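>
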Amino acid sequence: MTNLNEYLGGRIFNAKELTPDLKKTLLDQGATQTTAIYQIKGERYCRRCLMKLPQNSGKYNYCRHCINLGKINSSDTLFITGSDIVFPIQEKYLDWDGELTDNQQRGVHELLNAFNRHCDHLVWAVTGAGKTEMIFPLIEQALIKQQRIAICSPRVDVCIELFPRLQKVFPKTTIGLFHGKSLERYHLTQIAIMTVHQLIRFEKSFDVLIIDEVDSYPLAGNQMLHQAIKKSKKSIGMTVYLSATPPRELLQKVQKGQVTLSKLYQRFHGHPLPEPRCHLLFKEINFLGINPRLRLKLNRIVSSHQRLMIFFPSIPVMEKFAQKLKKYYPTLSFVSVSSLDKKRLEKVQQFRQHQVQVILTTTILERGVTFKRVMVLVLNADAKEFSKTSLIQIAGRAGRDKKYFDDEVHFYYRYYNRQIQQACREITYLNQQVKK
Numbered sequence: 080m081t082n083l084n085e086y087l088g089g090r091i092f093n094a095k096e097l098t099p100d101l102k103k104t105l106l107d108q109g110a111t112q113t114t115a116i117y118q119i120k121g122e123r124y125c126r127r128c129l130m131k132l133p134q135n136s137g138k139y140n141y142c143r144h145c146i147n148l149g150k151i152n153s154s155d156t157l158f159i160t161g162s163d164i165v166f167p168i169q170e171k172y173l174d175w176d177g178e179l180t181d182n183q184q185r186g187v188h189e190l191l192n193a194f195n196r197h198c199d200h201l202v203w204a205v206t207g208a209g210k211t212e213m214i215f216p217l218i219e220q221a222l223i224k225q226q227r228i229a230i231c232s233p234r235v236d237v238c239i240e241l242f243p244r245l246q247k248v249f250p251k252t253t254i255g256l257f258h259g260k261s262l263e264r265y266h267l268t269q270i271a272i273m274t275v276h277q278l279i280r281f282e283k284s285f286d287v288l289i290i291d292e293v294d295s296y297p298l299a300g301n302q303m304l305h306q307a308i309k310k311s312k313k314s315i316g317m318t319v320y321l322s323a324t325p326p327r328e329l330l331q332k333v334q335k336g337q338v339t340l341s342k343l344y345q346r347f348h349g350h351p352l353p354e355p356r357c358h359l360l361f362k363e364i365n366f367l368g369i370n371p372r373l374r375l376k377l378n379r380i381v382s383s384h385q386r387l388m389i390f391f392p393s394i395p396v397m398e399k400f401a402q403k404l405k406k407y408y409p410t411l412s413f414v415s416v417s418s419l420d421k422k423r424l425e426k427v428q429q430f431r432q433h434q435v436q437v438i439l440t441t442t443i444l445e446r447g448v449t450f451k452r453v454m455v456l457v458l459n460a461d462a463k464e465f466s467k468t469s470l471i472q473i474a475g476r477a478g479r480d481k482k483y484f485d486d487e488v489h490f491y492y493r494y495y496n497r498q499i500q501q502a503c504r505e506i507t508y509l510n511q512q513v514k515k
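Quick note on my numbering: the sequence shown kicks off at 80 and runs consecutively.
(1) With which residues is Ser-517 paired in a DSSP beta bridge?
(2) Would Val-275 and Cys-231 qualify as a contact pair, given that the criterion is a beta-carbon distance under 7 angstroms?
(3) What's the C-alpha gap between Ile-91 and Leu-179?
(4) Alpha helix (DSSP H) containing Cys-357: first to last residue?
(5) Please list the segments of the alpha helix (DSSP H) lying wholly inside the segment 431 to 477, counting only runs of 4 or more residues, in order along the chain.
(6) Mapping the DSSP letters down to three states, classify Thr-113 as helix, strand or coil.
(7) Out of Lys-247, Pro-297, Lys-313, His-258, which has the shortest C-alpha to C-alpha gap to Gln-226?
(8) Would you list the one or two residues that DSSP bridges to Leu-201?
(9) Taking the beta carbon of Ile-290 as the centre, do at least 16 other beta carbons fall within 10 Å, making it buried, or is it exposed?
(10) Is it true that the CB of Asn-510 sits closer than 7 angstroms to the CB of Pro-351?
(11) Keeping to the same chain, check which residues put their C-beta closer than 6 angstroms to that of Lys-283; ignore five residues upstream and five downstream.
(12) Quick one: what's got a C-beta closer than 8 angstroms to Glu-398's C-beta in the same chain, skipping five residues either side?
(13) The alpha helix (DSSP H) spanning Tyr-407 covers which residue range?
(14) Using three-state DSSP, classify Thr-156 as helix, strand or coil.
(15) So, using beta-carbon positions, are Glu-464 and Pro-355 closer together than 7 angstroms?
(16) Where DSSP assigns a beta bridge to His-489, which residues make up the other side?
(17) Is Gln-472 near Glu-505, with beta carbons less than 7 angstroms apart?
(18) Quick one: give me the first and last residue of the beta strand (DSSP E) that Arg-123 is part of.
(19) Please state whether the Cβ-Cβ distance between Tyr-117 and Arg-126 is less than 7 angstroms.
(20) Between Arg-452 and Thr-104, what straight-line distance do the alpha-carbon atoms span, to the nearest angstrom?
(21) Looking at the structure shown, is Ser-544 part of a helix, part of a strand, or coil, going by DSSP?
(22) What are the uninterrupted segments assigned as beta strand (DSSP E) that are 3 or more residues long and contained completely in the segment 250 to 302, given in chain order?
(23) Going by C-alpha distance, which of Ala-271, Lys-247, Phe-249 is nearest His-258?
(24) Taking the alpha carbon of Thr-252 as the reference point, which residue from Arg-379, Phe-166, Met-454, Arg-327 has its own alpha carbon closest?
(25) One question on the structure: do Ala-94 and Thr-156 come within less than 7 angstroms of each other, judged by their Cβ atoms?
(26) Work out the CA separation of Gln-402 and Lys-310 for me, nearest whole Å.
(27) Can you tell me whether Val-416 is helix, strand or coil according to DSSP?
(28) Quick one: grab the DSSP three-state call for Gly-89.
(29) Can you pull the DSSP bridge partners for Tyr-494?
(30) Within the same chain, show all residues whose beta-carbon is closer than 7 angstroms to that of Ala-299, passing over the 5 residues directly before and after it, in chain order.
(31) Any idea if Ile-364 is buried or exposed, counting beta-carbon neighbours within 10 angstroms, 16 or more meaning buried?
(32) For Ser-162, which three-state DSSP category applies?
(33) For Val-381 and Val-293, I'd like the C-alpha separation in whole angstroms.
(34) In chain order, what residues of the same chain have a beta carbon less than 7 angstroms from the beta carbon of Phe-361, not counting five sequence neighbours either side?
(35) Can you find the residues in the same chain that come closer than 6 angstroms, C-beta to C-beta, to Pro-250, ignoring five residues on each side of it along the sequence?
(36) Glu-212: which of Asp-236, Val-235, Leu-241 sits nearest, CA to CA?
Structural data, given as structure tokens:
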């Protein structure tokens, strides 16, 4: 018999994936079966992702919204497994000797209050405020009550970085890491760390859902993923949203009293956010020989062995820059990463371990990664790819370490546009709030 641990926990399966014996066993254990495509008032919907199928989709008799998770059509049957799991009781759940700041403790108190009242909660905290440490007590309380927790992010990099941190502080709790590129086969765990897309595979599975970087692509504005969040949470449960730049829709829910709120304006080490230094470039950023100001800055960085992140609006711009970097700084050790780079995680680890001095990146690393002692440069900061929130997140990569809180952030641009202005103003505003 196949290990049932791979099928339980509110997972949704296509009947085609299951053997007859497994189907019978799952039904005996409380699983339900339903049609893959259902109708309401003449409209057709996918039972897995809950998205509406196009009206004129006659020849496309399947759901195209969640096809990346496996094709399902109108003739398929879905199995939804039971989610009432009893997890073992432990003597001690949290093994962490760190200390929370007064601001973090206040946020934890508000989080636990929301947990006890089954209310959704937003933690609006600046980059580097220590949001991850703040959820430790919440997770502990959920584990004590034998509940199941999912920690989700729109980005794989964030999940991979979070996994070992949770394993370290909850050493006796089963924890799984699940995403599209994972080699690990799904199995039932009390804590599940996953990309938001994976939630489409679940229904009423989790007592506590923690959504990190709720404003990040591809979650922001994605109806399918937001529906996946709703349907994967149990009817009596809570969703926690973590963000330094929460979307307007979520803030409106706070104003209506639908979501409670914690605000943290200060980083865990007590020092202010690095405020970007803005540099106007009078010609196209084509590097070396065209923009002496940029060249002078790079000369100083290379000679001082300063670690550096350089952000670009697109892959072609980054690749062109990388070629010239090789030509004019042949001894400089650097890597470049993007969403298309299959070795991205490996290269990020090289930079983290100081094996290279410089990392060139698109907005893929604008959030969710932490490095010590790193200067940040944004080239073409006025490009449309850099929104106000992305510029704030990028600036937040600097100054994360208590010893090197004064890392520099530099924006280079041809036009001082609204996005740059708003990002700089908001960072200054957040620093001013701490002083009040």
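Note that beta-carbon positions come from the ideal geometry of N, C-alpha and C, so glycine has one too. Note that the structure is predicted; figures quoted are calculated from it, not measured.
Let me spell this out:
(1) Coverage of the chain is limited to positions 80 through 515, which leaves residue 517 absent and any answer about it impossible.
(2) The answer is yes: Cβ separation under 7 angstroms.
(3) CA-to-CA, the gap between Ile-91 and Leu-179 works out to about 39 angstroms.
(4) Per DSSP, Cys-357 belongs to no alpha helix (DSSP H); it is in the beta strand (DSSP E), 356 to 359.
(5) Residue ranges of uninterrupted alpha helix (DSSP H) with 4 or more members, entirely inside the segment 431 to 477 and ordered along the chain, are 467 to 474.
(6) In the structure shown, Thr-113 sits in a strand (DSSP, three-state: E or B).
(7) Selected option, being the one with the closest Cα: Lys-313.
(8) Its beta-bridge partners are Tyr-320, Leu-340.
(9) Ile-290 is buried by the Cβ-count criterion.
(10) Taking C-beta atoms as the reference points, Pro-351 and Asn-510 count as a pair closer than 7 angstroms.
(11) Its chain contains Gly-89, Ser-162, Lys-313 as the residues whose beta carbon lies nearer than 6 angstroms to that of Lys-283, once the 5 sequence neighbours on both sides are disregarded; these appear in chain order.
(12) Around Glu-398: Ser-415.
(13) Annotation: the continuous alpha helix (DSSP H) that includes Tyr-407 extends over 394 to 407.
(14) Strand at Thr-156.
(15) Taking 7 angstroms as the Cβ cut-off, Glu-464 and Pro-355 do not qualify as a contacting pair.
(16) BP columns for His-489 point to Arg-356, Leu-456.
(17) Cβ atoms of Gln-472 and Glu-505: not closer than 7 angstroms.
(18) Taken as a continuous stretch (DSSP letters only), the beta strand (DSSP E) holding Arg-123 covers 122 to 125.
(19) Between Tyr-117 and Arg-126, the gap from beta carbon to beta carbon is short of 7 angstroms.
(20) So the alpha carbons of these two residues sit roughly 55 angstroms apart.
(21) Here the chain comprises residues numbered 80 to 515, so residue 544 is not present and cannot be evaluated.
(22) If only uninterrupted beta strand (DSSP E) runs of at least 3 residues are considered, those enclosed by the segment 250 to 302 are 254 to 257, 270 to 274, 285 to 291.
(23) When each option's Cα is compared against that of His-258, the closest is Ala-271.
(24) From the listed residues Arg-379, Phe-166, Met-454, Arg-327, the smallest Cα separation to Thr-252 is found for Phe-166.
(25) For Ala-94 and Thr-156, yes; Cβs fall inside 7 angstroms.
(26) Cα to Cα, Lys-310 sits roughly 47 angstroms from Gln-402.
(27) Of the three classes helix, strand and coil, the one that applies to Val-416 here is strand, per DSSP.
(28) Three-state DSSP puts Gly-89 in coil, outside helix and strand.
(29) In DSSP, Tyr-494 forms no bridge with anything.
(30) Correct list, in chain order: Pro-326.
(31) Here Ile-364 scores only 49 on pLDDT, less than 50, and its place in the model is too uncertain to base an answer on.
(32) Here Ser-162 sits in coil by DSSP.
(33) Annotation: Val-381 to Val-293 spans about 36 angstroms, alpha carbon to alpha carbon.
(34) Within the same chain, Phe-361 has no close Cβ partners at all.
(35) Around Pro-250: Asp-174.
(36) Ranked by how close their Cα comes to the Cα of Glu-212, the residues Asp-236, Val-235, Leu-241 have Leu-241 in first place.
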